[in-house]
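Take a look at the structure below.
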């Protein structure tokens with residue numbers, strides 16, 4: 006156990022009655038109740054014993070459920086991490102907050118739960134486990150401390166349990182350090198703790214037997230054990246009884262159901278039904294053990310504010326479920342909404358929208374599916390053709406729900422900068438498709454109809470990372486047989502051909518990419534390299550120009566154009582391009598090597614050495630720079646050149 010657990014100091018338990026009176030007066034409340042929100046990424050509803058699993062090893066979460074309330078009919082708004090968390094912490098659906106896909110940040114204009122509680126005197130801290138929730142994506146708003154473990158790092162190519170994600174035990178240690186550092190302070194705090202372990206790849210600490218499902222369950226057990234450590238810490242300090250504890254998932258996991266290995270594209274119950282547990286201090290009131298009424302993640306903010314800031318007035322999309330915890334009846338016919346824009350942003354497929362009312366569920370895309378959740382197994386018998394009246398009823402309600410957002414949404418814009426290379430690399434290392442679809446298809450295919458292409462792309466990506474280029478290319482080709490205009494698959498196939506040394510095939514695929522997406526900067530840059538090797542320098546220069554015009558932040562294109570400018574003896578232009586590349590990525594070793602070439606052409610040996618040393622510091626494996634620097638130093642030692650001042 007981490008030392009900070011043992012050193013957590015005992016605190017005086019302030020009577021909750023005074024805390025609630027202070028809140029009712031609308032004043033900052035330094036005494037509590039405290040708030041702990043734990044989100045467990047990729048946690049299926051049926052992965053906990055409290056929600057019916059007979060094999061789960063989750064004693065701490067099951068104990069919490071037995072002492073508190075389980076929301077047995079809870080649903081997320083989106084089956085991806087960032088959109089789901091943005092909904093939780095703003096109280097609005099993705100269509101309103103704008104973070105509809107991983108990598109699309111929450112705009113600073115939005116107001117988060119952390120901001121609202123900090124205004125009321127709460128200390129706020131967040132401890133997140135994945136690069137997907139890095140502060141650059143906007144969820145740090147309102148947190149005094151946002152521990153994402155990656156701030157200030159320049160590399161996105163480290164191991165999965167390094168900078169891109171960290172285990173629940175490491176997140177818990179970060180929380181423990183913050184909590185212990187508070188010492189004897191009695192003022193109220195809000196902490197958000199995020200665990201990512203159940204997300205693929207499944208690499209549990211807990212021993213497991215064989216299958217991926219067993220590995221997934223073992224990672225859930227790892228999270229349970231870490232939560233138990235947090236509980237023990239709060240119990241020792243005396244804060245546990247005066248803390249609202251909320252545990253929920255952002256989305257589930259397919260685990261092969263509906264042919265979905267993981268999550269993100271479908272909106273079936275496997276990935277949008279979530280476990281949700283709430284424990285409130287006794288002073289807030291009694292709570293039902295099981296709440297059967299429909300609730301959504303959009304309800305989190307209005308519920309918390311009804312407890313902690315009852316005078317706050319804001320027209321949230323969600324509704325408070327405080328009355329449901331108190332035993333009042335809910336609305337069994339409340340519509341529950343979910344969406345997936347993963348396929349839309351990644352592949353230019355039609356987005357999916359789901360609406361559930363009671364036991365009826367509509368999944369709408371290019372075509373509609375209608376399910377009765379009473380059927381067994383669920384969501385396997387499409388009733389859209391046989392129950393047209395129900396399909397039409399839900400379709401009308403879905404239309405009303407979506408139009409309501411536009412009528413009531415606050416005037417808050419959404420920033421949507423393109424991902425830089427480091428962000429794209431980091432998200433792809435975690436298994437996400439980050440390609441920005443062209444949006445140029447005349448007719449978008451339905452995600453469900455072409456979904457197998459996604460599984461093939463993910464399998465091909467795994468082969469590619471393992472160095473098996475032949476198998477990777479085969480998977481991408483099979484994906485293209487399902488979805489011939491899939492730009493992401495074409496880009497990956499071109500990468501295979503490049504590394505296999507097949508320039509003719511690479512060029513053919515790259516030209517096809519640009520036919521489908523004339524604004525694909527990387528492909529323009531790659532085409533430039535291909536034609537430059539054929540000594541068509543004017544066409545190569547035009548390709549680099551097109552790449553920069555398509556994406557002014559694509560630093561590789563500046564460096565490629567700079568290399569060509571050196572060939573053309575345009576040293577000033579080359580230097581300007583290398584420096585433009587470095588302005589976009591100051592850790593880009595290739596640009597420093599280019600500046601060394603410019604200095605060499607000018608006869609400035611000291612500057613050559615300075616730039617080579619920077620190149621080697623950034624990329625010690627670059628044999629070109631290492632060998633060139635050694636040769637220069639040897640020539641200097643022989644008195645052939647002067648590098649004084651380098």
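In the working numbering, the protein residues as written are 6 to 651. Positions of the beta carbon are idealized from the N, C-alpha and C atoms, including for glycine.
Return the chain-ordered list of same chain residues with a C-beta closer than 6 Å to the C-beta of residue i, the five sequence neighbours on each side being excluded.
i, result
"residue 223", "209, 211, 213"
"residue 532", "515, 548"
"residue 454", "none"
"residue 329", "296, 298, 335"
Would you check if the distance between the CB atom of residue i and the CB atom of residue j is smaller than 8 Å?
i, j, result
"residue 586", "residue 563", "yes"
"residue 276", "residue 259", "yes"
"residue 143", "residue 122", "no"
"residue 48", "residue 254", "yes"
"residue 285", "residue 69", "no"
"residue 79", "residue 344", "no"
"residue 620", "residue 642", "no"
"residue 624", "residue 589", "no"
"residue 90", "residue 44", "yes"
Going along the chain, which residues of its own chain have a beta-carbon closer than 8 Å to the beta-carbon of residue i, five neighbours each way excluded?
i, result
"residue 183", "130, 132, 150, 152, 196"
"residue 508", "502, 535, 538"
"residue 266", "205, 259, 260, 460, 463"
Kindly indicate which three-state DSSP category residue i falls into: helix, strand or coil?
i, result
"residue 199", "strand"
"residue 104", "coil"
"residue 361", "strand"
"residue 317", "coil"
"residue 573", "coil"
"residue 658", "The requested residue 658 does not occur in the structure, where the chain is confined to residues 6 to 651."
"residue 312", "helix"
"residue 273", "coil"
"residue 331", "coil"
"residue 481", "helix"
"residue 377", "strand"
"residue 194", "strand"
"residue 614", "helix"
"residue 343", "strand"
"residue 152", "strand"
"residue 39", "strand"
"residue 282", "strand"
"residue 176", "helix"
Output the distance between the C-alpha atoms of residue i and residue j, rounded to the nearest integer angstrom.
i, j, result
"residue 64", "residue 333", "29 Å"
"residue 492", "residue 457", "15 Å"
"residue 378", "residue 76", "18 Å"
"residue 322", "residue 101", "9 Å"
"residue 464", "residue 547", "35 Å"
"residue 634", "residue 614", "7 Å"
"residue 204", "residue 583", "39 Å"
"residue 87", "residue 580", "39 Å"
"residue 5", "residue 331", "Outside the modelled stretch of the chain, which goes from 6 to 651, sits residue 5, for which no answer is possible."
"residue 325", "residue 297", "15 Å"
"residue 390", "residue 104", "34 Å"
"residue 230", "residue 175", "12 Å"
"residue 571", "residue 480", "39 Å"
"residue 555", "residue 369", "33 Å"
"residue 282", "residue 74", "6 Å"
"residue 347", "residue 207", "22 Å"
"residue 327", "residue 250", "14 Å"
"residue 172", "residue 450", "38 Å"
"residue 495", "residue 56", "42 Å"
Leaving aside the five residues before and after residue i along the sequence, list all residues of the same chain whose C-beta is less than 7 Å from its C-beta, in chain order.
i, result
"residue 561", "530"
"residue 53", "61, 63, 66, 67, 280"
"residue 596", "564, 583, 586, 587"
"residue 58", "51, 52"
"residue 358", "344, 369, 403"
"residue 483", "461"
Counting only beta-carbon atoms, is residue i nearer than 8 Å to chain B?
i, result
"residue 473", "Absent here is chain B; the protein component of the structure consists of one chain."
Less than 7 Å separating the Cβ of residue i from some heavy atom of the ligand GDP?
i, result
"residue 552", "The ligand content of the structure shown is nil, which means the ligand GDP is not present either."
Identify every run of the alpha helix (DSSP H) within the stretch 63-141, keeping only runs that are complete inside it and at least 4 residues long; order them along the chain. Annotation: the stretch 63-141 contains the following complete segments of the alpha helix (DSSP H) (minimum length 4 residues), in chain order: 64-72, 86-95, 99-102, 118-124.
Which runs of the alpha helix (DSSP H) at least 4 residues long sit entirely within the stretch 495-574? Give them in chain order. If we require 4 residues or more, the alpha helix (DSSP H) runs fully inside the stretch 495-574 come out as 508-521, 526-538, 542-555, 560-572.
May I have a chain-ordered list of the alpha helix (DSSP H) segments no shorter than 4 residues that lie completely inside the stretch 216-278? Within the stretch 216-278, the complete alpha helix (DSSP H) runs of at least 4 residues are 217-242, 274-277.
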